[in-house]
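*Asks:* Handing you a structure now.
Number of protein chains: 2
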Amino acid sequence: MTQRSNRTRATIEDVANAANVSVATVSRALRGLPNVAPSTRARISEVATAMHYRADPAAARLAAGRTRTIVVVVPHLAGWYFSTVVAGVEAVCAETGYDCIVMAVGTIEESNRLLDETYHLERRIDGVVLVNIPISEAQARSLSERGVSCSTIGVRVGHQPNVSIDDVTAARLAVDHLIQLGHRRIALISGQVEDPMNFEVPKMRHRGYADALEAGGIGLDDALVEAGNFGIDGGREAMAALLDRPSPPTAVFAMSDEMAFGALMTLQERDLTAGRDVSLVGIDDHDVSRVLGLTTVRQHVAEQGALACRGLMAAIESPTAQFETIRSPVELVVRSTTSPPPVAIPSTGVQTSRLS
Amino acid sequence: MTQRSNRTRATIEDVANAANVSVATVSRALRGLPNVAPSTRARISEVATAMHYRADPAAARLAAGRTRTIVVVVPHLAGWYFSTVVAGVEAVCAETGYDCIVMAVGTIEESNRLLDETYHLERRIDGVVLVNIPISEAQARSLSERGVSCSTIGVRVGHQPNVSIDDVTAARLAVDHLIQLGHRRIALISGQVEDPMNFEVPKMRHRGYADALEAGGIGLDDALVEAGNFGIDGGREAMAALLDRPSPPTAVFAMSDEMAFGALMTLQERDLTAGRDVSLVGIDDHDVSRVLGLTTVRQHVAEQGALACRGLMAAIESPTAQFETIRSPVELVVRSTTSPPPVAIPSTGVQTSRLS
DNA sequence: CTGAAAGCGCTAACAC
DNA sequence: GTGTTAGCGCTTTCAG
Numbered sequence: 001m002t003q004r005s006n007r008t009r010a011t012i013e014d015v016a017n018a019a020n021v022s023v024a025t026v027s028r029a030l031r032g033l034p035n036v037a038p039s040t041r042a043r044i045s046e047v048a049t050a051m052h053y054r055a056d057p058a059a060a061r062l063a064a065g066r067t068r069t070i071v072v073v074v075p076h077l078a079g080w081y082f083s084t085v086v087a088g089v090e091a092v093c094a095e096t097g098y099d100c101i102v103m104a105v106g107t108i109e110e111s112n113r114l115l116d117e118t119y120h121l122e123r124r125i126d127g128v129v130l131v132n133i134p135i136s137e138a139q140a141r142s143l144s145e146r147g148v149s150c151s152t153i154g155v156r157v158g159h160q161p162n163v164s165i166d167d168v169t170a171a172r173l174a175v176d177h178l179i180q181l182g183h184r185r186i187a188l189i190s191g192q193v194e195d196p197m198n199f200e201v202p203k204m205r206h207r208g209y210a211d212a213l214e215a216g217g218i219g220l221d222d223a224l225v226e227a228g229n230f231g232i233d234g235g236r237e238a239m240a241a242l243l244d245r246p247s248p249p250t251a252v253f254a255m256s257d258e259m260a261f262g263a264l265m266t267l268q269e270r271d272l273t274a275g276r277d278v279s280l281v282g283i284d285d286h287d288v289s290r291v292l293g294l295t296t297v298r299q300h301v302a303e304q305g306a307l308a309c310r311g312l313m314a315a316i317e318s319p320t321a322q323f324e325t326i327r328s329p330v331e332l333v334v335r336s337t338t339s340p341p342p343v344a345i346p347s348t349g350v351q352t353s354r355l356s
Numbered sequence: 357m358t359q360r361s362n363r364t365r366a367t368i369e370d371v372a373n374a375a376n377v378s379v380a381t382v383s384r385a386l387r388g389l390p391n392v393a394p395s396t397r398a399r400i401s402e403v404a405t406a407m408h409y410r411a412d413p414a415a416a417r418l419a420a421g422r423t424r425t426i427v428v429v430v431p432h433l434a435g436w437y438f439s440t441v442v443a444g445v446e447a448v449c450a451e452t453g454y455d456c457i458v459m460a461v462g463t464i465e466e467s468n469r470l471l472d473e474t475y476h477l478e479r480r481i482d483g484v485v486l487v488n489i490p491i492s493e494a495q496a497r498s499l500s501e502r503g504v505s506c507s508t509i510g511v512r513v514g515h516q517p518n519v520s521i522d523d524v525t526a527a528r529l530a531v532d533h534l535i536q537l538g539h540r541r542i543a544l545i546s547g548q549v550e551d552p553m554n555f556e557v558p559k560m561r562h563r564g565y566a567d568a569l570e571a572g573g574i575g576l577d578d579a580l581v582e583a584g585n586f587g588i589d590g591g592r593e594a595m596a597a598l599l600d601r602p603s604p605p606t607a608v609f610a611m612s613d614e615m616a617f618g619a620l621m622t623l624q625e626r627d628l629t630a631g632r633d634v635s636l637v638g639i640d641d642h643d644v645s646r647v648l649g650l651t652t653v654r655q656h657v658a659e660q661g662a663l664a665c666r667g668l669m670a671a672i673e674s675p676t677a678q679f680e681t682i683r684s685p686v687e688l689v690v691r692s693t694t695s696p697p698p699v700a701i702p703s704t705g706v707q708t709s710r711l712s
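Residue numbers (this note's numbering), protein chains in the order written: chain A, 1 to 356; chain B, 357 to 712.
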């Protein structure tokens, strides 16, 4: 008797013995491969479930070369945007039976190390979804040469699966809204100027801002652009700098809701009210934006993660396939931080505040 | 010549040949095991790096039985609290070279399925960190019988590594603050009444609330307790219900910042100002709390994740070890949503609002 | 439709 | 200190 049932996990051999077939047949049967008699298959799967048998992942990976594991790479895990993307990715993984590893690469150096030394990834994962991680064509090639499929959110590379919003349009939506309200001095709180992560995203949003102004017949003014680094503190400082200008803006467009939150803090500190003294619009529709009444351009972040993950799975199935980029929709959500500019008293030149 | 360098990843054998040693020696050398001559070790690691050699994880796992992979289980991935915990866990994994799989179990059923059918986990991961996931002694035993170590955040089980805050104290901190300001009608926005996830956490925080009131000589009033389900919408509805009471509270303690955010929305909708008309305090110190000026009890969430992960790693090293629970500190952060109760005009019985 | 057998690439005794 | 060898548990030709 091969009865080694002393607390050890059942192996494929145990199942084979119990079902009176060979291990090969068990393997085929359980993986749904053809050439197994229905009756045999039924018996095997019955025995297998009774024994709580599951193929040892390591053994299966070693033999088959596929890991059924992907990794999702993000700049940080804790922010609203990235954690929401990860949630979307994980949901699809759970559904498809993939393991979902997370990796945070805080700096461009870390990210490049990961993407250059792709042999770290080889045979370890089937694919990777890159969330706003800059990747060169060479790096993408290096990945696929090592059998690692790749899907991106944000910047596109090659013909890999990709999902992104139209950042130019998103920004235009925001700034057009401001212009329609009557604003002319519209500031921009941008991502980073030095782009440490080399995002395309801030560039495109900047373009949307510029396009909108141009279309509105408003000249660009460098004094109305401040970097906010996509964080609350950055937004706060940027807004402070903007308000300290000789002629401050009546409205500001922040490239992300979190930066807009920071801007809101500055406004409060100065006893200014958003939507009355200064208008403010962001991008994202962060969970908390509705609490703050922030006007913003909504994007569907979890869905983007899910779509990117499905794309990755498709790429894993057919590594040579070409993929079209998927455009995720955006929409303006008007709340209370935007309104027409405060009425000036142009002819007299007397400022409201001096009237008292 | 065993020159099979045609795009195939280098194996341990390739390294062995190149370094003129046996595979066993390569294995020892590269893993820092003893009994390798320093010179040999140096040569091997040189050759190995030159060849970009990395042990195939699947093969290593199969042979050694250890996966160097853990999973972190959370109710959802996208919330502030959980994503911040995951960030802490991931950071430690990155540092120690573990792969960090994430799993979201939205319901108690899912979570129990995972913990009951532990054979799913066996040989797949070395350990699991459970973030506010209820686990029974039996489930914990079942895990360890299958060689899966376990570390928890929140509820403790057995002598597994655990980190948690003192929830009773956290709640007391919040409510004592309110009492010291002079409030007597202090409401509670609780987690869930039916506890679908069976958290200890809301129970303990409820106790802290009750303790504080008792210590302040204030009687409990069931009409001042509403469930908010730990979400923004829940908090919003709870606050609305509270304000609709015949005699509404002058202050409310929400068990989490997100519920407090929802409460804030309700206040705004009714043109009430937090910190003037009603005082409000939460627990967490969510990223956005400072933007809203929310008084809260801060906890250090990422650190909790990191500590729990280190605990897990220790448990993996020595599976039979007993661990003391780690208490993560909390602190009251006073901002602008709390202040003394609005002055009543008790003797006349005339309400302030009628004076106009 | 099923079985035998040869690996997958590594680790861990055990010899030397 | 170093090499030999027997697996780890599965997948996958190749026969039959």
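A virtual CB, placed ideally from N, CA and C, is assigned to each residue, including glycine.
VAL657/B to LEU663/B, Cα distance in whole Å?
*Replies:* The residue given as residue 657/B occupies position 301 in the second sequence. The residue given as residue 663/B occupies position 307 in the second sequence. Roughly 10 Å between the two C-alpha positions.
*Asks:* Just checking: is the beta-carbon of ASP643/B within a distance shorter than 8 Å of some beta-carbon in chain A?
*Replies:* On the second sequence, position 287 is the one that residue 643/B refers to. Yes, because at least one Cβ of chain A sits closer than 8 Å to the Cβ of ASP643/B.
*Asks:* Between the alpha carbons of GLY182/A and VAL252/A, how many angstroms are there, rounded?
*Replies:* On the first sequence, position 182 is the one that residue 182/A refers to. On the first sequence, position 252 is the one that residue 252/A refers to. Approximately 13 Å between the Cα atoms of the pair.
*Asks:* Does TYR475/B get closer than 8 Å to chain A when you measure Cβ to Cβ?
*Replies:* By one-based count along the second sequence, residue 475/B stands at place 119. So, interface residue.
*Asks:* Measure the alpha-carbon distance for PRO517/B versus PRO675/B and round it to whole angstroms.
*Replies:* On the second sequence, position 161 is the one that residue 517/B refers to. On the second sequence, position 319 is the one that residue 675/B refers to. Taking the straight line joining both Cα atoms gives about 11 Å.
*Asks:* Report yes if the CB atom of GLN655/B is closer than 8 Å to the CB atom of ASP640/B, and no otherwise.
*Replies:* Translated into the one-based positions of the second sequence, residue 655/B becomes position 299. Translated into the one-based positions of the second sequence, residue 640/B becomes position 284. Going by C-beta atoms, GLN655/B is nearer than 8 Å to ASP640/B.
*Asks:* Apart from the five residues on each side of it in sequence, which residues of its chain come closer than 6 Å, Cβ to Cβ, to VAL168/A?
*Replies:* Numbered from 1 along the first sequence, position 168 holds the residue referred to as residue 168/A. Excluding sequence neighbours, VAL168/A sits near MET204, ARG207 and GLY208.
*Asks:* Nearest chain B C-beta to THR84/A closer than 8 Å, yes or no?
*Replies:* Against the first sequence, residue 84/A aligns to sequence position 84. With 8 Å as the cut-off, THR84/A counts as an interface residue toward chain B.
*Asks:* On the three-state DSSP scale, how would you describe GLN299/A?
*Replies:* Residue mapping note: residue 299/A aligns to position 299 of the first sequence, counting from 1. In the structure shown, GLN299/A sits in a strand (DSSP, three-state: E or B).
*Asks:* Do you know how far the Cα of ARG43/A is from the Cα of THR107/A?
*Replies:* Residue numbering aside, residue 107/A sits at position 107 when the first sequence is read from its first letter. Residue numbering aside, residue 43/A sits at position 43 when the first sequence is read from its first letter. Taking the straight line joining both Cα atoms gives about 53 Å.
*Asks:* Helix, strand or coil for PHE609/B? Go by DSSP, reduced to three states.
*Replies:* Translated into the one-based positions of the second sequence, residue 609/B becomes position 253. Reduced to three states, the DSSP call for PHE609/B is strand.
*Asks:* Rounded to a whole number of angstroms, what is the C-alpha to C-alpha distance between SER703/B and GLY649/B?
*Replies:* Walking along the second sequence from the start, residue 703/B turns up at place 347. Walking along the second sequence from the start, residue 649/B turns up at place 293. Note on SER703/B: pLDDT 46, under 50, position unreliable in the model; no value is reported.
*Asks:* Excluding the 5 residues flanking MET407/B on each side, which residues of the same chain have their C-beta closer than 8 Å to its C-beta?
*Replies:* As a working mapping, residue 407/B is identified with position 51 in the second sequence. Excluding positions up to five away in sequence, the list reads ALA366, ASP370, VAL371 and ALA374.
*Asks:* Identify the residues that DSSP records as bridge partners of ALA187/A: which are they?
*Replies:* In the first sequence, the residue the question calls residue 187/A occupies position 187. Partner(s): VAL252/A.
*Asks:* So the beta strand (DSSP E) VAL163/A belongs to, where does it begin and stop?
*Replies:* Residue mapping note: residue 163/A aligns to position 163 of the first sequence, counting from 1. VAL163/A -> beta strand (DSSP E) spans 162-165.
*Asks:* Kindly confirm or deny that the stretch 52-64 of chain A and the stretch 436-455 of chain B touch, where touching means at least three C-beta pairs closer than 8 Å.
*Replies:* Touching, no.
*Asks:* Residue range of the alpha helix (DSSP H) that GLY235/A falls in?
*Replies:* Position 235 of the first sequence holds residue 235/A. Its alpha helix (DSSP H) spans residues 232-243.
*Asks:* Verify whether the separation of the beta carbon atoms of GLY228/A and MET259/A is less than 8 Å.
*Replies:* Indexing the first sequence from 1 puts residue 228/A at position 228. Indexing the first sequence from 1 puts residue 259/A at position 259. Yes, the Cβ-Cβ distance between GLY228/A and MET259/A is below 8 Å.
*Asks:* Can you list the residues of chain B that MET265/A reaches, using a CB-CB cut of under 8 Å?
*Replies:* The residue labelled residue 265/A in the question sits at position 265 within the first sequence. In chain order: ARG646 and VAL647.
*Asks:* Who are ARG327/A's beta bridge partners in DSSP?
*Replies:* For this step, residue 327/A is matched to residue 327 along the first sequence. ARG327/A pairs with SER164/A.
*Asks:* Please name the residue, chosen from ARG172/A, ILE179/A and ALA64/A, that lies closest to PRO202/A on a Cα-to-Cα basis.
*Replies:* In the first sequence, residue 202/A corresponds to position 202, counting from 1. Residue ARG172/A is the option with its Cα nearest to PRO202/A.
*Asks:* Could you spell out where the alpha helix (DSSP H) holding ALA18/A opens and where it closes?
*Replies:* One-based indexing of the first sequence puts residue 18/A at position 18. Looking at the DSSP string, the run of the alpha helix (DSSP H) that includes ALA18/A is 12-19.
*Asks:* Is DSSP giving GLU226/A helix, strand or coil here?
*Replies:* Numbered from its first residue, the first sequence carries residue 226/A at position 226. Strand.
*Asks:* List the residues of chain A that ARG365/B touches, going by C-beta distances under 8 Å, in chain order.
*Replies:* Stepping through the second sequence from its first residue, residue 365/B is reached at position 9. The contacting residues are TYR119, GLU122, ARG123 and ARG146.
*Asks:* Applying a beta-carbon distance threshold of less than 9 Å, which residues of chain A neighbour ILE588/B?
*Replies:* Residue mapping note: residue 588/B aligns to position 232 of the second sequence, counting from 1. Within chain A, the residues near ILE588/B are ASP287, VAL288, ARG290 and VAL291.
*Asks:* Give me the Cβ distance between SER500/B and GLY510/B, rounded to the nearest whole Å; I'm assuming they're in contact under 8 Å.
*Replies:* Looking up residue 500/B in the second sequence gives position 144. Looking up residue 510/B in the second sequence gives position 154. The Cβ separation is near 19 Å, so there is no contact.
*Asks:* At the level of alpha carbons, what is the spacing between TRP436/B and TYR454/B?
*Replies:* Here residue 436/B refers to the residue found at position 80 of the second sequence. Here residue 454/B refers to the residue found at position 98 of the second sequence. Each residue's Cα considered, the two are about 24 Å apart.
*Asks:* Less than 8 Å separating the beta-carbons of SER136/A and LEU312/A?
*Replies:* Reading the first sequence from its first residue, position 136 is the one you call residue 136/A. Reading the first sequence from its first residue, position 312 is the one you call residue 312/A. No, the Cβ-Cβ distance between SER136/A and LEU312/A is not below 8 Å.
*Asks:* Taking the alpha carbon of ALA215/A as the point to measure from, which residue in THR273/A, GLU109/A and ASP176/A has its own alpha carbon closest?
*Replies:* As a working mapping, residue 215/A is identified with position 215 in the first sequence. The option with the nearest alpha carbon to ALA215/A is ASP176/A.
*Asks:* Spatial neighbours of GLY158/A within its chain, please: C-beta separation below 7 Å, excluding the five flanking residues on both sides.
*Replies:* Within the first sequence, the letter at position 158 stands for residue 158/A. Correct list, in chain order: GLU137 and ALA140.
*Asks:* If you measure beta-carbon to beta-carbon, which residues of the stretch 85-117 of chain A are closer than 8 Å to chain B?
*Replies:* Flagged, chain order: VAL86, ALA87, GLU90, ALA91, ALA94, ASP99, CYS100, ILE101, VAL102, MET103, ALA104 and GLU117.
*Asks:* Cα separation between GLU687/B and SER612/B?
*Replies:* Sequence index remark: in the second sequence, residue 687/B carries index 331 (1-based). Sequence index remark: in the second sequence, residue 612/B carries index 256 (1-based). Their backbone Cα atoms lie some 14 Å apart in a straight line.
*Asks:* Consider the Cβ of MET357/B: report whether some Cβ of chain A lies at a distance smaller than 8 Å.
*Replies:* By one-based count along the second sequence, residue 357/B stands at place 1. Note that MET357/B scores a pLDDT of 33, beneath 50, so its modelled location is shaky; the value from the coordinates is reported in the next line. Closer than 8 Å: no.
*Asks:* Which term fits PRO490/B, buried or exposed, when burial requires 16 or more other beta carbons within 10 angstroms of its beta carbon?
*Replies:* As a first step, residue 490/B is located in the second sequence; it is residue number 134 there, counting from the start. It is buried - the Cβ of PRO490/B has at least 16 other Cβ atoms within 10 Å.
*Asks:* From what residue to what residue does the beta strand (DSSP E) around GLY282/A run?
*Replies:* On the first sequence, position 282 is the one that residue 282/A refers to. Note, GLY282/A: beta strand (DSSP E), 279-284.
*Asks:* Consult DSSP for ASN677/B and reduce its assignment to one of helix, strand or coil.
*Replies:* The count along the second sequence starts at 1 and reaches residue 677/B at position 321. The sequence as given places Ala at residue 677/B; Asn does not occur at that position. Residue state, collapsed to three classes: coil.
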